[in-house]
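Chains as they are written, first to last, in my numbering: chain X, 857 to 1235; chain A, 14 to 269.
The beta carbon of each residue, even a glycine, is placed where N, CA and C say it ideally should be.
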Amino acid sequence: MKRPIYHLYIIMRKDLTEFYRVRARLVSMILLPILLMLLFGYMFPSNGTITHIPIAVVNQDQSTATLSMINSFIYMAQYGGSFNVITYSSVSQAEQALLQGKVYAVVIFRQGLGQELSTGKATVQVIVDQMNPTLDQIVTAGIQQIFSQLNVQLNMNQGFPSSLGTISVNFQGLIPGAPSSFEFLAPGFIAMSVVMGGLAGLAMAFSRERELGTMDGILMTPVSRFSIVMGKAMAQAVRGIISGIIIVILSILLFGVKIYGNVFLMALILFLGILAFTGLGIIATSFVSDQESAQMIMLMLEMPMIFISGIFYPVLQLPWWLRNIAYMFPLVYTVTGFRSVMVMNAPFYAVWNDVVVLLIYSVVTFAIAIPLFQRMVTK
Amino acid sequence: MSYAVEAENLTKYFGNLIAVDGVTFKVRKGEIFGLVGPNGAGKSTLIRMICTVLRPSAGRAYVEGYDIMKQSQEVRKLIGVVQEKLILYAPLTPVENLEFFGKLYGIEPKVLKERVKELLEEVKLIAVKDKPVGTFSTGMRQRVNIARALLHDPKLVILDEPTNGLDPQSVRWVRDYILNMKNKGLTVILTSHDMYEIDELSDTVAIMDKGKILEIGKKEDLKAKYKANKIEDVFLELTGRGLRDEISGRLRRRGW
Chain X
857 MKRPIYHLYI IMRKDLTEFY RVRARLVSMI LLPILLMLLF GYMFPSNGTI THIPIAVVNQ
917 DQSTATLSMI NSFIYMAQYG GSFNVITYSS VSQAEQALLQ GKVYAVVIFR QGLGQELSTG
977 KATVQVIVDQ MNPTLDQIVT AGIQQIFSQL NVQLNMNQGF PSSLGTISVN FQGLIPGAPS
1037 SFEFLAPGFI AMSVVMGGLA GLAMAFSRER ELGTMDGILM TPVSRFSIVM GKAMAQAVRG
1097 IISGIIIVIL SILLFGVKIY GNVFLMALIL FLGILAFTGL GIIATSFVSD QESAQMIMLM
1157 LEMPMIFISG IFYPVLQLPW WLRNIAYMFP LVYTVTGFRS VMVMNAPFYA VWNDVVVLLI
1217 YSVVTFAIAI PLFQRMVTK
Chain A
14 MSYAVEAENL TKYFGNLIAV DGVTFKVRKG EIFGLVGPNG AGKSTLIRMI CTVLRPSAGR
74 AYVEGYDIMK QSQEVRKLIG VVQEKLILYA PLTPVENLEF FGKLYGIEPK VLKERVKELL
134 EEVKLIAVKD KPVGTFSTGM RQRVNIARAL LHDPKLVILD EPTNGLDPQS VRWVRDYILN
194 MKNKGLTVIL TSHDMYEIDE LSDTVAIMDK GKILEIGKKE DLKAKYKANK IEDVFLELTG
254 RGLRDEISGR LRRRGW
């Protein structure tokens, strides 16, 4: 019994010594838990919930009663910092803002509302984002609460003509039916799996070839460094798209997920997302020569990004500085764009900003990655 | 032009460590040039510079008249390299491996197909051309590796310890093949720790140590100069008989 334990100890010590000797692995091991701990700490603050959620208000009725109601609504919504109200002149403009993620709900005060109120009962229409169940619930509850308070005020005639009735709120989404929570989480999972899969493959693609010596074989041929880097990146992108297709099919068959948008636009966003990540990955791993260190660095890049990019929780839940960090990485644009198209049938004009950011990200990271790769392999 | 390679004051630094220290030498066309030295002497770094994989810190070198720094693409077309590490993809078959590299060299698909077949016949692997290289013995893989280096009809073939780890039959085959390359008019740079191999195959021998070329000359001239029967004796005379404690540059910089 003593001997196997001694051997176990010897093997464990060798493994740890080996690990300790490679600085990149060591640094990643220490930094990763610190990063994750900080992220979770700030994502779930002990002192409250999401505030200053942007919502749109559209007024189609110019009656005095409606104008008074809107003023009260805006005051209550912004008082205490729950919502930031942005007024739009038309429903289509507000819906576009909703698709683009600029606002999370649209409150429509329809034409004739004032008259309806005077007859006893009026209905206000609210279109909610539906992109994230957590945020959806917060927004719905918040708006419902404001209208309940407004009803109390109406009943007590506070600032309203005494003849006014009550307001009911009709909540609806941009997509028909009552989609399940998973339908909203699924696009995030799909985008994450595809992009992260590509990134992990990339770490292997470069470090493995360098370790095996086959990279030398390629470098000795009359091929430009651009072709080498882009060839490898494209291989990852194709792999990513294939795995994306498989995941989407499984989500549809097993979990009843529906695709409401254009599949080509979805594929384009995924493709650009993978490319942007690949460029970033090449930069990050060009400083290490072995596979394990490359994988550790990738993990350090991936793990925090998964939690701050709006896959599981709304980006709004993050403190402002962490939100800004999230917007510095491509995953948040990939997830937002992909989800908008898949779940909300967002057209190109609604996600063009995500597409452009991913495109710029890809170009910039590759513009850095290619000369960096050249320098690292020939230095 | 009578020289396949001309190097002038070629130098390579890794941080503060000097791996190749102002090396000057010439390799005649059509000869087998043996490059020997203890571990860490700088042979592989020198070869990687000539192959255009590493950028020299100083000095110049020309392959068939082409500057390795300014005309690296031309140089790559002229060199075939067999490294100690096999430059092959284990899951791919010999045909797939060769076709992949052939395409990178820009060989026309039709010509490439013929060339691959011809080479696989030459290295006696045509029967297993559709099996993954990963299932091959080390000797078989080295033969595919040699075929890969010759795909694009190079003028200069660099073999970095090509017989390392091979069984005696494979070693004999590789050595005969190297002589065959010379007979076909190719220039060969050969590095090896096997002094018998260098003695048997080389026309000219360069002995390197600590980044410098200590001696260079015709094999017979060197033996005569050092009154030695074998190149091994010349080598030991110049580099010493004591055991070496060479540490790679990277570790040395870390202060281990």
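query	result
Does chain A have any CB closer than 7 Å to the CB of X:Val878?	no
Using a C-beta to C-beta distance shorter than 8 Å, which residues of chain X count as neighbours of A:Leu117?	Ile1074, Thr1077, Pro1078 and Val1079
If we ignore side chains and look at the alpha-carbon of each, how far apart do X:Leu887 and X:Tyr960 end up?	35 Å
Leaving out the 5 sequence neighbours to the left and right, which residues in its chain are closer than 6 Å to X:Leu1058 when beta-carbon positions are compared?	Gln1092, Thr1134 and Gly1137
Buried or exposed: where does A:Lys232 fall if 16 or more other Cβ atoms within 10 Å of its Cβ makes it buried?	buried
What do you get for A:Thr176, buried or exposed, if any count of 16 or more other CB atoms within 10 angstroms of its CB means buried?	buried
Could you name the residues of chain X that A:Val66 contacts, counting a contact when the two beta carbons are closer than 8 Å?	Asp1072, Leu1075, Met1076, Val1233 and Thr1234
Along the chain, where does the beta strand (DSSP E) that runs through X:Ile1074 open and close?	X:Ile1074 -> not in any beta strand (DSSP E); alpha helix (DSSP H) instead, spanning Thr1070 to Leu1075.
Using CA coordinates, which residue listed in X:Met1161, X:Met1076 and X:Leu991 is at the minimum distance from A:Val94?	X:Met1076
Identify, in the order they occur along the chain, each residue of the same chain with its Cβ nearer than 7 Å to the Cβ of A:Asp143, setting aside the five sequence neighbours on each side.	Thr106 and Val108
Report the residue from X:Phe1127, X:Ile1224 and X:Val1171 whose alpha carbon sits nearest the alpha carbon of X:Gly1054.	X:Phe1127
Does the stretch 1139 to 1157 of chain X come into contact with the stretch 18 to 29 of chain A, if we say contact requires no fewer than three beta-carbon pairs (one atom in each stretch) closer than 8 Å?	no
In three-state DSSP terms, what is X:Phe1222?	helix
With burial defined as no fewer than 16 other Cβ atoms inside 10 Å of the residue's Cβ, what is the status of A:Leu264: buried or exposed?	Confidence at A:Leu264 is low in this model, with a pLDDT of 44, below 50, so its placement is unreliable and no value can be given for it.
For A:Thr65, which of helix, strand or coil comes out of DSSP?	coil
By the 10 Å Cβ neighbour count, where 16 or more other Cβ atoms means buried, how is X:Asp1217 classified, buried or exposed?	Residue 1217 of chain X is actually Tyr in this sequence, not Asp. Classification of X:Tyr1217: buried, given that the 10 Å Cβ count is 16 or more.
Per DSSP, what kind of secondary structure is A:Leu169 in: helix, strand or coil?	strand
Ordered along the chain, which non-local residues of its own chain (more than five positions away) have a Cβ less than 7 Å from that of X:Tyr1183?	none
Kindly indicate the opening and closing residues of the beta strand (DSSP E) around A:Asp34.	Leu30 to Arg41
Indicate the three-state DSSP secondary structure (helix, strand or coil) for X:Ala961 in the structure shown.	strand
Counting only the same chain and skipping the five closest in sequence on each side, list residues whose C-beta sits under 7 Å from that of A:Ala71.	Asn22 and Thr24
Kindly say whether X:Gly1087, judged by its beta-carbon, lies nearer than 7 Å to any beta-carbon of chain A.	no
Pairing CB atoms from the stretch 114 to 122 of chain A with CB atoms from the stretch 161 to 171 of chain A, are three or more of them under 8 Å?	yes
Just confirm the distance between the C-beta atoms of X:Gln986 and X:Gly957, as a whole number of angstroms; I'd bet it's less than 8 Å.	About 12 Å separates the two Cβ atoms, so there is no contact after all.
To the nearest angstrom, how far is it from the Cα of A:Gly152 to the Cα of X:Ser1107?	48 Å
Run the CB neighbour count on X:Leu872, radius 10 Å, all protein chains shown included, and call it buried at 16 or more, exposed below.	exposed
Taking the straight line between their C-alpha atoms, what separation do you get for X:Phe1045 and X:Ser1083?	31 Å
Using the beta-carbon of each residue, which ones in chain X are nearer than 7 Å to A:Ile100?	Gly1069, Thr1070, Asp1072 and Gly1073
Between A:Gln86 and chain B, is the shortest Cβ-Cβ distance under 7 Å, so that the two count as touching?	Structure shown: chain B not included; protein chains present are X and A.
Using a Cβ-Cβ cutoff of less than 6 Å, which residues in the same chain neighbour A:Val247 once the five nearest sequence positions on both sides are dropped?	Leu235, Tyr239 and Ala241
Does any residue of chain A have a CB that is nearer than 7 Å to the CB of X:Thr873?	no
Over what stretch of residues does the beta strand (DSSP E) that includes A:Met221 continue unbroken?	Thr217 to Asp222
How many angstroms separate the CA atom of X:Met1048 from the CA atom of X:Gly1096?	10 Å
Measuring alpha carbon to alpha carbon, tell me which residue in A:Thr65, A:Ile202, A:Arg156 and A:Leu99 is nearest A:Trp186.	A:Arg156
Hey, would you say A:Ala32 sits closer than 7 Å to A:Gly55, going by beta carbons?	yes
To which residues of the same chain is X:Met1161 closer than 6 Å at the C-beta, ignoring the five residues directly before and after it?	Phe1185 and Leu1187
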